[in-house]
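> Using the working numbering, you'd call the opening residue of the sequence shown number -13 and step up by one each time.
C-beta atoms are modelled at their ideal positions from N, C-alpha and C, and glycine is treated no differently.
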Amino acid sequence: MKLIIFGCLLLLIVSFFFTSCQPKYEEKDGKIYYKWYHGGTMQKVSDLLPEADAATFETIKKSTLFSLGKDKNHVFKDAKILLYADPKTFECIKEPYWKDKTQLFILSYSTADCRLLNADPTTFKVLQKPWSKDKNQVFYSSYPVKDALAASFVPLTENYGKDAVHYFYNQTIIDGLDYKSAVVLSNEYIKDNQHVYYTDTEIIGANPKTFKAGQYATGYDDKYSYNFDKNSGPITEEFIKMHANNE
């Protein structure tokens, strides 16, 4: 019984600690501050938001990736202004995608300008992460996929996608791949009836009839094992045990 009580108390203490350490916005003396803890030292940091209007400031509670707030003039991501965002129409589509009345945003830690340039907010759709599209174009993360046909595009894995004409690895058309016989083997390997590719690079000498994707960035055919796009030599029982996917 004592152990149960101790466990419950410990859980409450830990929960309180993590809740109290969550970054948040606070108003003090008519000013808005962003309060957070430095991960290395656990020192509490309080950053003033000099541009924030305390009278109209509110926290946006939908984000799980960032602290977001807004006032009558700006949207704030953590302690910085999210550039070009309209606070009146700013809303979440699906994390990390947000939009306002004129543009799309894909929130990231590295920049204050998070616009997804030239995306149409009225027709934008989030597909399988990190793919998205609007009526005119396809995006891989924050980058447009040139030559991809938005109307027919579908994601296949995190890295592979296709439209009615081509297969793509990230933003790149896989040159030389036979569309009709193409088969995606994993997030790193794809083949047709004549070739095997690691990402978008042909693996010279690999046998497409017997090639299989192993764990991570490994593969094998009936004779050889491969790391990335390189032949690692004759296949061995040890390689099969370590890298072959269970079938």
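Where do the N-terminal and C-terminal ends of the alpha helix (DSSP H) with I226 fall, by residue?
Counting along the chain, the alpha helix (DSSP H) containing I226 begins and ends at 223 to 229.
> Classify G200 as helix, strand or coil using the three-state DSSP reduction.
The answer is strand: DSSP assigns G200 an E or B state.
> Quick one: what does DSSP say T187 is sitting in, helix, strand or coil?
In the structure shown, T187 sits in a strand (DSSP, three-state: E or B).
> Please report the straight-line C-alpha distance between H181 and K148, rounded to a whole angstrom.
The alpha-carbon atoms of H181 and K148 are separated by roughly 17 Å.
> Assuming contact is defined by CB atoms lying nearer than 8 Å, are D307 and A38 in contact in what I supplied?
With the chain covering only -13 through 233, there is no way to say anything about residue 307.
> Using 10 angstroms around the beta-carbon of P73, count the other beta-carbons present and answer buried if the total reaches 16, otherwise exposed.
P73 is buried by the Cβ-count criterion.
> Once the 5 residues before and after Y75 are set aside, which same chain residues still bring their CB inside 7 Å of it?
Note that residue 75 is Thr in the sequence shown here, rather than Tyr. Correct list, in chain order: D86, K87.
> Go through its chain and collect everything with a Cβ distance to D208's Cβ below 7 Å, but skip five positions before and after it.
So the qualifying residues of the chain are N193, T196.
> DSSP three-state call for T108: helix, strand or coil?
In the structure shown, T108 sits in coil (DSSP, three-state: anything other than H, G, I, E or B).
> Can you tell me the Cα-Cα spacing of T97 and F125, whole angstroms?
Taking the straight line from one Cα to the other gives about 18 Å.
> Give every residue of the same chain whose Cβ lies closer than 6 Å to the Cβ of F225, excluding the five residues on either side of it in the sequence, and list them in chain order.
So the list reads S211, once near-sequence residues are dropped.
> Strictly by DSSP, which residues pair up with L54?
Answer is I46, K63, bridged to L54.
> Secondary structure at F154, three-state DSSP: helix, strand or coil?
DSSP places F154 in strand when its eight states are reduced to three.
> Return the first residue and the last residue of the beta strand (DSSP E) that D33 is part of.
30 to 34 is the extent of the beta strand (DSSP E) around D33.
> Enumerate in chain order the residues of its own chain whose CB-to-CB distance from G219 is below 8 Å, with the five nearest sequence positions on each side excluded.
Hits under 8 Å: Y210, S211.
> Does the separation of the CB atoms of T143 and N104 fall below 8 Å?
Cβ atoms of T143 and N104: not closer than 8 Å.
> Using 10 angstroms around the beta-carbon of S118, count the other beta-carbons present and answer buried if the total reaches 16, otherwise exposed.
With 16 or more Cβ atoms within 10 Å of its Cβ, S118 is classed as buried.
> Go through its chain and collect everything with a Cβ distance to L113's Cβ below 6 Å, but skip five positions before and after it.
If we look at L113 and ignore the five residues flanking it on each side, its Cβ neighbours are P141.
> Go to S211, then tell me how far its beta strand (DSSP E) extends in each direction, as first and last residue.
Residues 210 to 213.
> Whose C-beta lies closer than 7 Å to the C-beta of A267 among residues of the same chain, with five residues either side of it excluded?
The structure shown has nothing for residue 267, since the chain only spans -13 to 233.
> Identify which residue in F139, V170, I67, Y129 has its Cα closest to the Cα of Q275.
No statement about residue 275 is possible, as the shown extent of the chain runs from -13 to 233 and does not include it.
> Comparing C-alpha positions only, which one of Q89, T42, H229 sits nearest to N59?
The shortest Cα separation from N59 among Q89, T42, H229 belongs to T42.
> Applying the criterion that 16 or more other CB atoms from any shown protein chain within 10 Å of the CB defines a buried residue, is L102 buried or exposed?
Buried is the call here.
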